[in-house]
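Working notes for the structure below.
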Amino acid sequence: MESFQRYYVSKHRNPPVVISLIYTHSSLRGSRFVQGWWKVRKLTSSYGLGSNSNPSSGSIDKSRVLDLRPLRCLVPVFPNPPGMSSVTTPQPSPFVCTPPTGPFPPGIHPFYPFFNPNDSQQNLNPNTSGVSNQPGNHAFGNSIPAPVPLNSFRTPTPQANGGTRQSVRGSRGHTSESVVVEDDDYDDSQNQSGQHVSGFSQHDTEDDSTTRKRRGRPRKSNAGKSRDEHGDSFDVESLVNKFLTSFKLKSFDDVRRANGDKEIVDNILLVYDLLRRRLTQLEEVKDKSPGITRRPDLKAASLLMTKGVRTNNTKRIGHVPGVEVGDIFFFRMELCIVGLHAPSMAGIDYMNMKITVDEEPVAVSIVSSGGYDDLGDDGDVLIYSGQGGVQRRDKQMFDQKLERGNLALEKSLHRANEVRVIRGIKDITASTGKIYVYDGVYKIQESWAEKNNSGCNVFKYKLVRVPGQPEAFALWKSIQQWKDGTAPRSGVILPDLTSGAEPLPVTLVNDVDDEKGPAYFTYIRNLKYSKPFSTSKSFSGCQCIGGCQAGHTSCPCSQRNEGYLPYSSLGVLLTDEPLIYECGEACACPPNCRNRMSQAGLKVRLEIFKTNDRGWGLRSWDPIRAGGFICEYAGDATDKSTLGDFGNDKGDNYFFDATRSYEWLEALHDDSNGSTKVPFPLVISAKNNGNGARFMNHSCSPNVFWKPILRESANESYLHIAFFAIRHIPPLQELTFDYGMIIVLEALGEGLILSAINCSFVPVRCLFYSISYQALGFRYQAASIFTQFTGC
DNA sequence: GAACCATCAAACGG
DNA sequence: CCCGTTTGATGGTT
Numbered sequence: 001m002e003s004f005q006r007y008y009v010s011k012h013r014n015p016p017v018v019i020s021l022i023y024t025h026s027s028l029r030g031s032r033f034v035q036g037w038w039k040v041r042k043l044t045s046s047y048g049l050g051s052n053s054n055p056s057s058g059s060i061d062k063s064r065v066l067d068l069r070p071l072r073c074l075v076p077v078f079p080n081p082p083g084m085s086s087v088t089t090p091q092p093s094p095f096v097c098t099p100p101t102g103p104f105p106p107g108i109h110p111f112y113p114f115f116n117p118n119d120s121q122q123n124l125n126p127n128t129s130g131v132s133n134q135p136g137n138h139a140f141g142n143s144i145p146a147p148v149p150l151n152s153f154r155t156p157t158p159q160a161n162g163g164t165r166q167s168v169r170g171s172r173g174h175t176s177e178s179v180v181v182e183d184d185d186y187d188d189s190q191n192q193s194g195q196h197v198s199g200f201s202q203h204d205t206e207d208d209s210t211t212r213k214r215r216g217r218p219r220k221s222n223a224g225k226s227r228d229e230h231g232d233s234f235d236v237e238s239l240v241n242k243f244l245t246s247f248k249l250k251s252f253d254d255v256r257r258a259n260g261d262k263e264i265v266d267n268i269l270l271v272y273d274l275l276r277r278r279l280t281q282l283e284e285v286k287d288k289s290p291g292i293t294r295r296p297d298l299k300a301a302s303l304l305m306t307k308g309v310r311t312n313n314t315k316r317i318g319h320v321p322g323v324e325v326g327d328i329f330f331f332r333m334e335l336c337i338v339g340l341h342a343p344s345m346a347g348i349d350y351m352n353m354k355i356t357v358d359e360e361p362v363a364v365s366i367v368s369s370g371g372y373d374d375l376g377d378d379g380d381v382l383i384y385s386g387q388g389g390v391q392r393r394d395k396q397m398f399d400q401k402l403e404r405g406n407l408a409l410e411k412s413l414h415r416a417n418e419v420r421v422i423r424g425i426k427d428i429t430a431s432t433g434k435i436y437v438y439d440g441v442y443k444i445q446e447s448w449a450e451k452n453n454s455g456c457n458v459f460k461y462k463l464v465r466v467p468g469q470p471e472a473f474a475l476w477k478s479i480q481q482w483k484d485g486t487a488p489r490s491g492v493i494l495p496d497l498t499s500g501a502e503p504l505p506v507t508l509v510n511d512v513d514d515e516k517g518p519a520y521f522t523y524i525r526n527l528k529y530s531k532p533f534s535t536s537k538s539f540s541g542c543q544c545i546g547g548c549q550a551g552h553t554s555c556p557c558s559q560r561n562e563g564y565l566p567y568s569s570l571g572v573l574l575t576d577e578p579l580i581y582e583c584g585e586a587c588a589c590p591p592n593c594r595n596r597m598s599q600a601g602l603k604v605r606l607e608i609f610k611t612n613d614r615g616w617g618l619r620s621w622d623p624i625r626a627g628g629f630i631c632e633y634a635g636d637a638t639d640k641s642t643l644g645d646f647g648n649d650k651g652d653n654y655f656f657d658a659t660r661s662y663e664w665l666e667a668l669h670d671d672s673n674g675s676t677k678v679p680f681p682l683v684i685s686a687k688n689n690g691n692g693a694r695f696m697n698h699s700c701s702p703n704v705f706w707k708p709i710l711r712e713s714a715n716e717s718y719l720h721i722a723f724f725a726i727r728h729i730p731p732l733q734e735l736t737f738d739y740g741m742i743i744v745l746e747a748l749g750e751g752l753i754l755s756a757i758n759c760s761f762v763p764v765r766c767l768f769y770s771i772s773y774q775a776l777g778f779r780y781q782a783a784s785i786f787t788q789f790t791g792c
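Using the UniProt record's numbering, read the first sequence as starting at 1 and increasing by one per residue.
Right, dumping it as structure tokens:
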């Protein structure tokens, strides 16, 4: 159950040391996608170094397999030697892992590049963990990039950007020269016991009795037709547990329940939506999953909340940790489980506050979504109506009373406390449904009562946005004006890069500098094959004249996708499966069939824009919901075998390699049977021909992932790559995905730097980890996480 | 502590 | 597209 990739690096060193890194499958289980364990092996023999010589596998000393803590993580976690690892046998390790800022064990000293003897300001505070938000403290001289946290991609710091590109490009040369790739598999003892059951995989949670129970049930062989009253609850239960385990929410303590942070909030929302989408899919095919009720949004939230999986449980005034101004939500329950706005329906959330001896209610947040006659056109001002005054049953109106939320708002006016405002906006893509935008905190300026159309008293509250917050709702209004044409988008170079090839334009924008656009290429909508990807299959297609429908058990397209349609009616990805079978030429269904999502062209308004520090990038004017389809990777399909090891010999910076490891959702699959690995050697070149996807940059905390999609005609099949949103993406947030990694060891200065280049064609992106390595009588020390983003 | 109630949901059908 | 119906969850109040 070991390696799927291994890369050797040979470096000039005296004595020479060759080390390989193996990403271990088993360790991925239960870890978040940004983390993983890596094994570092010391090879016992030396090779002809300084060239691309290929080390022979026979020289590996398997007894010297060592474990290091996660190489790719947002915050470095340093090993806790006793009992930390569940995947390895404890063994004395010649590695000593230390944060780069200390404290250091006896005999270990601060090391280059984190220590500069000339820098008296060196930060050795152990509490900073080395990768907080102050990367600029580290001294690198003029040519070495400053360490930056891995997640700095989203919030780049000025120190990290300036002047680092040169040095990284410089270092690319000698690292890539010294890299040797070897493709043989180190471990043949792969655990084949895993099973793929009914569309989602079993997860090994030994403490989970329901999972065990289900595994042993022969009842499952009835193709789920059983109406056993407990039958479906086992499915749902194990589904929830799988998600929770995958995203480290299984054991959720009171501390995290009371106060969240970005990672907790992100993961909870991630699991919520995965669960909600899966329940949606199950609900569509009722006879396969009896007992699944309507309202998957409520069901998913209730499942999580009964397990205590929620955060910011304690009400508070002001911002909620982990939720940023501009964040978007698609369901009221999402606001609830992250603590932004607790009531599932009511518009005013409030809490009791001790004032001397008495308690009085104060408002903490409001949702303005059109239920009453609110006025919010100004953008920074909101006239909000009080609650009550209507009888829901018979719609009878009466005077509002100064109680509950109304009273709380009144008290908040006098106490001048901040009130969070969530603006509900009609979702254009879905005629029904709303998008909720967190618009930051407001203060109540005045209140009054007025008569409404029925002559009843209604309370009104004037709220004014607290200045200095990022644009949120105002941005939506701007974008609407760009679309209307009532206000111009600044910096537009080309209004439509596609020249009408897509149903929606793709704008080319640069409001950063005076570069007039990326190098010339031809816009094409789809992936182009010079020959079929595969000719072995024979497939007659479906006969769904009006388009494939959920629950049509006879539809062969549905059958190939484990009995479900992979997309919702709104075009949101529902399935967990590693490969999607879309309808193809052989199918009788129309082009707008629900199962042709990636063939219908763009659904969101994209823009290619100049970034501050990474060349050109891709983003969307429209909000994209989690699982939403973005686009496919267009270009020329290439045979990987015709390329060099790294495919970069032609200077092609626009490559997509489907054979690379990508971590998103791999944790959700039981990988012991290899089912999650994409067995398709598809490499796409978008150098000459491509679409917006070729501009998508890499991130270690991406908001987009890709999935392979198979389209079949009678005797041929074609593989395509489609991109989907990992989480809800607000407008104009850059779209990024994880390119996948190659790990490189590099001797640098006094230490070994573990570095990673994330794609064959891209310069070194991430330099990693802090180790002290005792080998052959020499001690090497390596630096901690710092990251480089070079753009394209 | 249980039951009830109020509430700017969300999906669906006509 | 608007409207009503249905199915609902949470949190506060009784």
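The C-beta atom is built at its ideal place from N, Cα and C for all residues, glycine as well.
How far does the beta strand (DSSP E) with residue i in it extend, from its first residue to its last?
| i | result |
| --- | --- |
| K610 | L606 to K610 |
| A686 | Per DSSP, A686 belongs to no beta strand (DSSP E) and is neither H nor E. |
| A474 | Where A474 is concerned, there is no enclosing beta strand (DSSP E), although the alpha helix (DSSP H) it sits in stretches over F473 to D484. |
| C542 | Where C542 is concerned, there is no enclosing beta strand (DSSP E), given that its DSSP letter is neither H nor E. |
| P321 | Note, P321: premise wrong, no beta strand (DSSP E); not H, not E. |
| F252 | Looking at the DSSP string, F252 is not in any beta strand (DSSP E), and its letter there is neither H nor E. |
| Y529 | Y529 -> no beta strand (DSSP E), and no H or E assigned at all. |
| W616 | W616 to S620 |
| G440 | K434 to K451 |
Taking 8 Å as the cut-off, decide whether the C-beta atoms of residue i and residue j are in contact.
| i | j | result |
| --- | --- | --- |
| I264 | G339 | no |
| L574 | Y567 | yes |
| V720 | F329 | What sits at residue 720 in the sequence shown is His, not Val. Cβ atoms of H720 and F329: not closer than 8 Å. |
| S598 | E632 | yes |
| residue 796 | I422 | In the structure as shown, the chain starts at 1 and stops at 792, and residue 796 therefore has no counterpart that could be examined. |
| S365 | D373 | no |
| L239 | L298 | no |
| G690 | G635 | yes |
| W616 | L732 | no |
If we ignore side chains and look at the alpha-carbon of each, how far apart do residue i and residue j end up?
| i | j | result |
| --- | --- | --- |
| V390 | K443 | 26 Å |
| I726 | P467 | 31 Å |
| P70 | S540 | Reliability fails at P70, whose pLDDT of 29 lies under 50, so the model's placement of it is uncertain and the value that follows must be treated cautiously. Cα-Cα distance, rounded: 47 Å. |
| D254 | C593 | 46 Å |
| D380 | E446 | 15 Å |
| D204 | L270 | In this prediction, D204 has a pLDDT of 33, which is less than 50 and means its spatial position is unreliable; nothing more can be read from the coordinates. |
| K462 | I383 | 5 Å |
| R625 | K250 | 25 Å |
| G405 | P556 | 54 Å |
| P158 | P578 | Any reading at P158 must be qualified, since the residue scores a pLDDT of 32, below 50, and its modelled position is unreliable; no value is offered. |
| S143 | D266 | Residue placement at S143 cannot be trusted, given a pLDDT of 32 that sits under 50; what the coordinates show is reported in the next sentence. Each residue's alpha carbon lies about 36 Å from the other. |
| H698 | F737 | 5 Å |
| E712 | C542 | 11 Å |
| M696 | E734 | 8 Å |
| R277 | C583 | 21 Å |
| G628 | Q281 | 15 Å |
Just to check, is the beta-carbon of residue i closer than 7 Å to a non-hydrogen atom of the ligand NAP?
| i | result |
| --- | --- |
| V390 | The model depicted lacks the ligand NAP and carries no ligand whatsoever. |
Please list the terminal residues of the continuous alpha helix (DSSP H) segment that includes residue i.
| i | result |
| --- | --- |
| E410 | R404 to R415 |
| I337 | R332 to I337 |
| D235 | G231 to S246 |
Quick one: any contact between the stretch 412-422 and the stretch 356-372, if contact means 3 or more CB pairs under 8 Å?
-> They touch, by the three-pair rule.
Given 8 Å as the limit, is there contact between the stretch 399-408 and the stretch 290-304, that is, 3 or more CB pairs closer than that?
-> The stretch 399-408, when compared against the stretch 290-304, does not touch it at the 8 Å Cβ threshold.
Which ranges would you report for the alpha helix (DSSP H) in the stretch 544-602 if only whole runs of at least 4 residues count?
-> Qualifying alpha helix (DSSP H) stretches, in chain order: 556-560.
Using 8 Å as the Cβ pair cut-off and three pairs as the minimum, do the stretch 481-498 and the stretch 507-526 touch?
-> Yes, since at least three Cβ pairs between the stretch 481-498 and the stretch 507-526 fall closer than 8 Å, the two stretches touch.
Say whether the stretch 550-568 touches the stretch 515-534, bearing in mind that this needs 3 or more beta-carbon pairs closer than 8 Å, one atom from each stretch.
-> Touching, no, given that fewer than three Cβ pairs across the two stretches are closer than 8 Å.
If you scan the stretch 254-304 from start to end, which runs of the alpha helix (DSSP H) of 4 or more residues do you find wholly inside it?
-> Counting whole runs of 4 or more residues, the stretch 254-304 contains the alpha helix (DSSP H) stretches 254-258 and 262-284.
Hey, is the stretch 611-626 in contact with the stretch 556-563, meaning 3+ C-beta pairs nearer than 8 Å?
-> The stretch 611-626 vs the stretch 556-563: no contact.
For the stretch 366-375 and the stretch 465-479, state whether three or more C-beta atom pairs, one from each stretch, are separated by less than 8 Å.
-> Pairwise C-beta distances place the stretch 366-375 out of contact with the stretch 465-479, as fewer than three of them are shorter than 8 Å.
Using 8 Å as the threshold, is the stretch 238-249 in touch with the stretch 303-310, meaning 3 or more CB pairs across them?
-> As far as the Cβ criterion goes, the stretch 238-249 touches the stretch 303-310, which means the pair count is three or higher.
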